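Residue numbers (our numbering): 830 to 936.
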């Protein structure tokens, strides 16, 4: 659930696309902690693959893995994922259905 405050304009963030919202939240963290490495975990229900693909292309050294829970039934070869994660090395991202599938990916 998104938090917002009318006073500082975060109320308007409720009307942003999910992709823009996620970018506006995660991008500052990447800039604030340039030496840190991140694993991005999301699902296919909104625009997580698209947002995370943008971040991985802009910050390839910081984004170590992208893990997307498949809630839409699209396989990893779906055109959506191929476009969203274009130029992101295949070994950096994974589509999964059950948490057990990613246990090794986060070690």
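Virtual Cβ for every residue (Gly too), placed ideally from N, Cα, C. For clarity, every value in this text was computed on a predicted model and none was experimentally measured.
So for residue i, helix, strand or coil by DSSP?
i, result
"residue 898", "strand"
Give the C-beta separation of residue i and residue j to the nearest angstrom, bearing in mind that I take them to be a contact with Cβ-Cβ under 8 Å.
i, j, result
"residue 880", "residue 921", "Residue 880 to residue 921, Cβ: 15 Å. No contact."
"residue 878", "residue 898", "At roughly 11 Å, the Cβ-Cβ gap does not stay under 8 Å, so residue 878 and residue 898 are not in contact."
"residue 895", "residue 869", "5 Å"
"residue 893", "residue 932", "Actually they do not touch by this definition, with Cβ atoms about 16 Å apart."
Under DSSP, the alpha helix (DSSP H) around residue i begins and ends at which residues?
i, result
"residue 932", "Element bounds for residue 932: n/a, residue is neither H nor E."
"residue 912", "908-913"
For this session: Please list the segments of the alpha helix (DSSP H) lying wholly inside the segment 861-897, counting only runs of 4 or more residues, in order along the chain.
Result: Runs of alpha helix (DSSP H) with 4 or more residues, each lying fully within the segment 861-897, are found at 877-887, listed in chain order.
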